[in-house]
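Residues in the sequence shown are numbered from 2 upward in steps of one, following the numbering used here.
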Amino acid sequence: MIETKIREKTCDAVRNLFGHELKPDSIGLEKTKKEITGDYTIVVFSLLKISRKSPEATAMEIGNFLQQHLPEISGFNVIKGFLNLVLSDHFWVKFLVTNAARPDFGFHKSRHEPPVVLEYSSPNTNKPLHLGHIRNNLLGFSLAEILKANGQKVIKANLINDRGIHICKSMLAYLKWGNNETPGSTGMKGDHLIGKYYVLFNRYYKSEIHSLIEKGLTEEEAERQAPLILEAQEILRKWEARDTETVDLWKRMNGWAYEGFDLTYQRLGVDFDKIYYESETYLLGKELVMEGLQNGVLVQKEDGSIWADLKNDGLDEKLLLRADGTSVYMTQDLGTAQLRYDDFHPSSMIYVVGNEQNYHFDVLKKVLAKLGKDYATHINHLSYGMVELPEGKMKSREGTVVDADDLIDEMVRTAGETTRELGKANELSTDEAVKLFNIIGLGALKYFILKVDPKKNMLFDPKESIDFNGNTGPFIQYAYARIKSLLVRAESVGLLWEDAVLPSQMTLLPLEKETIKRLYQFQEVVVQAGNELSPAIIANYVFELAKSFNQIYQELPILKEPDQDKVVLRMAISKFTGSILQKSMKLLGISVPERM
């Protein structure tokens, strides 16, 4: 990497010029600002005590030394305490020729270290996946790809929340109003059918609450005493007691949900290496809680409930087991964490979970630490923001969520309409067009969500996401298809550009140099995205790369360029750009079309 060379040679300059030893990582090096001539900038203010000279004089002496001793540097300029270095065109051309055909460029060799366990999706079996789940799944899958590109072994884990009061609500509603209907008899996906009964439960539950309030109860009292919630709690107790009929119904309805989830996962293009079920992990969690009680790190109250007192840790008391012995979400998360540690001894456990659960994960780490689990420090909560639509927030229990399957259908339909209007599918067969519309529709959805910093809330606008201009997935996909078309045309006219040798001294136009610089940055961007756990860094990089290439395509001749060396150069830039566009989009879980 040229950055390493610059830092090391700057240390040589300081030693030779000022008689002082420095470590390379102490050198302040950054990319030169766009409005200033240069590629890399050394900030010399921290060196003034060593040089005992002005910022300008210090920068000039170091710049002269670097230009004399580092052949990659063709010039420099000084603005106050900023030394702006210009890399030679030869350096950029050599980089292009050396790396354009490398399939592994930007990716790192596998590390010999424990894996990362990355949890995402984590659906509840009482409702289908919705828009919020889509962001979760896309973030998790993309992050797994990015970490693997950084040489890490990743275990993609899914925790199915298949037990608890919410699942019992759907079960109760089905018992009362289901008439033994099934996904087969209704033609509904199983997760949709169960979600229907979850909404139905809450509709009648709200009606009961309203009636009790009219009779003089407070809202809180009404919520606790409504007959439906008491019946749902009884189903939960029966389930934990392994009542045969209750467990059989639970297995049947959960089976419908799993089948529905799998179809949605297939459409989204996400998968998992390991699936955990809350119904299996909560028992281990209960064992950990009882051990903590016996060891005196947890407390039991008069009603029999068990709590973790975290007030000294700046938090609050946290319920771990209810008075009736039933568990809470925290209980199963304790068990799941222990099970994952036992299974993989991971270097890190990353949970992709919305920011409304920030407190939950603070508590989880504190409780695990109280229980003496060293791996508590390995837990990392990737807290992402909520997704809203132009119409506002979504609510599962009121049935106002945007269903994932419906949204995917809408994206593919809109992609088809837009693509046809622009004439980009005119030469395709029906099957090819259908495939293209799926690629564009899902690419638009994924890119629009992933380009936003995970920590930020976002507004998802389906119409805005399917646009062949601007910072969108289709814009990047079209740039890739344009490159593939260019390569096909070059082959059709017999242009053997890949066998040609470029002159060692070649002058680059600003657009050419800018695009090659962006290609060079790919390896840095992959590392940064992995360190910051942010697919948005990849997304915004690949947009800028596509935009840079489009400028070359629109403003400079390629196949019609009379200078054959320039033809070879621009074809090499085109092919390398296509490769990095494809790699970048794959890291986001997005396909790119060969034709458009």
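Yeah, the Cβ is synthetic: ideal placement off N, Cα and C, and Gly gets one too.
Do residue j and residue i come within 7 Å of each other at the CB atom, strictly closer than that value?
i    : j    : result
V543 : A501 : no
R519 : S493 : no
V118 : P347 : yes
A150 : V527 : yes
G444 : I591 : yes
L451 : L139 : yes
T133 : G191 : Checking the sequence, you will find Gly at residue 133 rather than Thr. Contact flag unset, no.
P536 : S123 : no
Y376 : Y352 : no
N159 : F273 : yes
L284 : I236 : no
S540 : L97  : Looking at the sequence itself, residue 540 is Ala, so the reference to Ser does not match. Against a cut-off of 7 Å, the Cβ pair of L97 and A540 comes out as no contact.
A480 : N381 : no
L18  : E62  : yes
M1   : I307 : No information on residue 1 is available, as it lies outside the stretch 2 to 597 that the chain covers here.
N127 : I168 : yes
E482 : P594 : First, the amino acid is wrong: residue 482 is Ala here, not Glu. Cβ distance < 7 Å, so A482 and P594 count as in contact.
P116 : K154 : yes
T282 : L340 : yes
F66  : A102 : no
How many angstroms separate the CA atom of residue i from the CA atom of residue j?
i    : j    : result
P56  : S89  : 25 Å
V79  : E73  : 18 Å
Q333 : W251 : 18 Å
I517 : L557 : 15 Å
S328 : R243 : 15 Å
P228 : E209 : 8 Å
K319 : N359 : 14 Å
F345 : Q234 : 35 Å
K457 : L148 : 21 Å
L369 : R238 : 27 Å
L372 : K366 : 10 Å
T578 : D314 : 51 Å
K6   : L48  : 18 Å
L582 : K10  : 33 Å
R53  : I538 : 40 Å
E241 : D163 : 13 Å
E288 : L335 : 10 Å
E220 : I214 : 6 Å
E222 : R136 : 36 Å
K584 : L130 : 28 Å
N181 : Y175 : 8 Å
H21  : E31  : 22 Å
N296 : K302 : 16 Å
Determine whether the Cβ of residue i lies closer than 7 Å to any Cβ atom of chain C.
i   : result
K32 : The chain labelled as chain C is not found in the depicted structure, where only one protein chain is given.
Assign residue i to buried or exposed, taking buried as 16 or more other Cβ atoms, counted over all protein chains shown, within 10 Å of its Cβ.
i    : result
Q478 : buried
V489 : exposed
I276 : exposed
G293 : buried
L84  : buried
D404 : buried
R8   : buried
M350 : buried
K396 : Residue confidence for K396 is low, a pLDDT of 45 falling below 50, so the modelled location carries little weight; the figure read from the coordinates is stated next. K396 is exposed by the Cβ-count criterion.
W93  : buried
R571 : buried
M597 : buried
T265 : buried
L231 : exposed
K197 : buried
Hey, could you find the ends of the beta strand (DSSP E) residue i is sitting in?
i    : result
M586 : No beta strand (DSSP E) holds M586; the alpha helix (DSSP H) holding it covers Q565 to L588.
T42  : Y41 to V44
V353 : S349 to G355
H382 : I380 to Y385
Which stretch, first to last residue, makes up the alpha helix (DSSP H) that contains residue i?
i    : result
D310 : Segment I307 to D310 is the beta strand (DSSP E) holding D310; no alpha helix (DSSP H) there.
E62  : P56 to H70
L322 : Run containing L322: none in the alpha helix (DSSP H); it sits in the beta strand (DSSP E), E318 to L322.
Y330 : Y330 to F345
V489 : G474 to S493
Y554 : P536 to E556
Who are the near neighbours of residue i in its chain, counting only those whose CB is closer than 8 Å to its CB and skipping five residues on each side?
i    : result
K110 : G152
R398 : Model confidence at R398 stands at a pLDDT of 42, short of 50, so the residue's coordinates are unreliable; what they give is reported in the following sentence. Y199, V200 and N203, listed in sequence order.
Looking only at its own chain, which residues have a Cβ that is under 6 Å from the Cβ of residue i, when we skip the five neighbours before and after it?
i    : result
F106 : N100
G442 : M412, V413 and A416
G400 : The predicted model places G400 with a pLDDT of 45, which falls under 50 and marks its position as unreliable; any figure quoted below should be read in that light. For G400, where only same-chain residues beyond five positions count, the Cβ hits under 6 Å are V200.
I28  : R8 and T11
Quick one: residues in its chain with C-beta nearer than 7 Å to the C-beta of residue i, no 5 flanking neighbours on either side, listed in chain order?
i    : result
A547 : F476, I477, A480 and L582
L589 : S143, K447, Y448, L451, P536, I539 and A540
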